[in-house]
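K.L.:
My questions all concern the structure below.
Numbering (this note's numbering), first residue to last: 2 to 408.
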């Protein structure tokens, strides 16, 4: 029994001793190694897609949509019919205008031919008879002139014949003046004006009817179709958009402090949550000319273009984007998670033997997970990763080295 008691006492003493030693042992802290590698500096952001070239299709007049000839994504030619609008009152307007044009044209024709048909006929008949009488009287007068020379007729008979000729000439002249007076020039001008007014009204009615056929203003693909048969539209209502979708423009919203990293020509990769695994490549087209609020952010709209030959990306979608701002060969890098900041600037906890020391550093380019160190560290240095253990400069630690190096 004494031996058993002694063994239990020794075991208890060993456990207590191990606990005391363990309590005062340096805490375990994970470290990663500073390394050199090719750093691809990227700037993640988001944006919105729009066609590189596009036009809105709007209703030119009000009416009921009688038919829609296209669907979203359909390719169309310029002037191809998109939809048709109906308005029953327009057909009545056209028919009424056509009747007024016909009436005005008939009135003008009557005036141009001399006036009212019955009165004109009476004058023409009188003129015909007067001319026949004149011809007869001229023959008789000439015959009497010859007889006077032969002393077979008297001068009194010759003078009487000449008076008849003069009377007939006066009658003809009066009838012609009467015919001309039937249609004053002012009446013809007024009739012509009425015809022109009626024709203008007819043309306007036909133009309004033609506006009921909505056509594509350019060749491209239909998107954002916002109309359906049976609906009612007002002048100016947007019916659809048409654009060229082989090449798209993306408006990227870059936070103001990051705009200095962006340059025209930098590569851009676009992803869309609706098509995971799909990526579109392009480049920065233009930097922003102004800063504007976007929610709680102050951003500049960076324009870029991407190839969309498969038409998989739809205009108007919200996308994620990554701008490749720089590529640095043999860059000295550390994971972003080891970087710490305070009022004195950026620093890391560097392993020096079995203690940690504060080491101020200067950073350069960055990727999603890593940052370049341009001063303050050397290749192979070990820096502390974040942990639940609070350390401060001079603390002794039990280092656990991350063999995989920087993230």
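All residues carry an ideal CB built from backbone N, CA and C; glycine is no exception.
Helix, strand or coil: how does DSSP classify residue 309 here?
P.N.:
Coil, per DSSP.
K.L.:
With the cut-off set at 7 Å, would you say residue 377 and residue 360 are in Cβ contact?
P.N.:
Cβ atoms of residue 377 and residue 360: closer than 7 Å.
K.L.:
Determine the extent of the beta strand (DSSP E) in which residue 364 is found, giving its start and end residues.
P.N.:
That run of the beta strand (DSSP E) goes 363-367.
K.L.:
Given a cut-off of 7 Å on the beta-carbon distance, is the pair residue 390 and residue 30 in contact?
P.N.:
Yes; because the gap between Cβ atoms is below 7 Å, this pair is in contact.
K.L.:
Inspect the beta-carbon positions of residue 162 and residue 134 and report whether they are closer than 7 Å.
P.N.:
Cβ distance not < 7 Å, so residue 162 and residue 134 don't count as in contact.
K.L.:
Using 8 Å as the Cβ pair cut-off and three pairs as the minimum, do the segment 223-243 and the segment 56-67 touch?
P.N.:
Touching, yes, given that three or more Cβ pairs across the two stretches are closer than 8 Å.
K.L.:
Cutting at 7 Å between CB atoms, please list the residues of its own chain near residue 396, excluding the five before and the five after it.
P.N.:
Contacts found: 356 and 357.
K.L.:
Using 10 angstroms around the beta-carbon of residue 402, count the other beta-carbons present and answer buried if the total reaches 16, otherwise exposed.
P.N.:
Label assigned to residue 402: exposed.
K.L.:
For residue 80, count neighbouring C-beta atoms within 10 Å of its own C-beta (all shown protein chains included) and say buried if the count is 16 or more, exposed if not.
P.N.:
Per the 10 Å Cβ criterion, exposed.
K.L.:
Is the CB-CB distance between residue 40 and residue 322 below 7 Å?
P.N.:
Going by C-beta atoms, residue 40 is not nearer than 7 Å to residue 322.
K.L.:
If we count Cβ pairs, one from each stretch, closer than 8 Å, do we get three or more for the segment 71-86 versus the segment 290-300?
P.N.:
The segment 71-86 vs the segment 290-300: no contact.
K.L.:
Measuring straight from C-alpha to C-alpha, what distance separates residue 149 and residue 139?
P.N.:
Rounded to the nearest angstrom, the two C-alpha atoms are 15 Å apart.
K.L.:
Give the single residue among 166, 375 and 218 whose Cα lies nearest to the Cα of residue 59.
P.N.:
The shortest Cα separation from residue 59 among 166, 375 and 218 belongs to 218.
K.L.:
Report the three-state DSSP secondary structure of residue 246 (helix, strand or coil).
P.N.:
If DSSP states are grouped into helix, strand and coil, residue 246 belongs with the strands.
K.L.:
By how many angstroms is the C-alpha of residue 336 removed from the C-alpha of residue 370?
P.N.:
Cα to Cα, the separation comes out at about 6 Å.
K.L.:
Could you tell me which of 312, 375 and 223 sits nearest to residue 69, measuring between CA atoms?
P.N.:
Of the listed residues, the one whose Cα sits closest to residue 69 is 223.
K.L.:
Just mark residue 393 as buried or exposed, buried being the case when its beta carbon has 16 or more other beta carbons within 10 Å.
P.N.:
It is exposed - the Cβ of residue 393 has fewer than 16 other Cβ atoms within 10 Å.
K.L.:
Return helix, strand or coil for residue 288, following the three-state DSSP convention.
P.N.:
The answer is coil: DSSP assigns residue 288 none of H, G, I, E or B.
K.L.:
Taking just the CA atoms, how far does residue 316 sit from residue 282?
P.N.:
Rounded to whole angstroms, residue 282 to residue 316 spans 16 Å at the Cα level.
K.L.:
Determine, using beta-carbon pairs with one atom in the segment 241-256 and one in the segment 300-311, whether at least three such pairs fall under 8 Å.
P.N.:
Contact between the segment 241-256 and the segment 300-311 is present, because at least three Cβ pairs lie under 8 Å.
K.L.:
Between 382, 325 and 297, which lies nearest to residue 334 when the distance is taken from Cα to Cα?
P.N.:
Nearest of 382, 325 and 297 to residue 334, Cα basis: 382.
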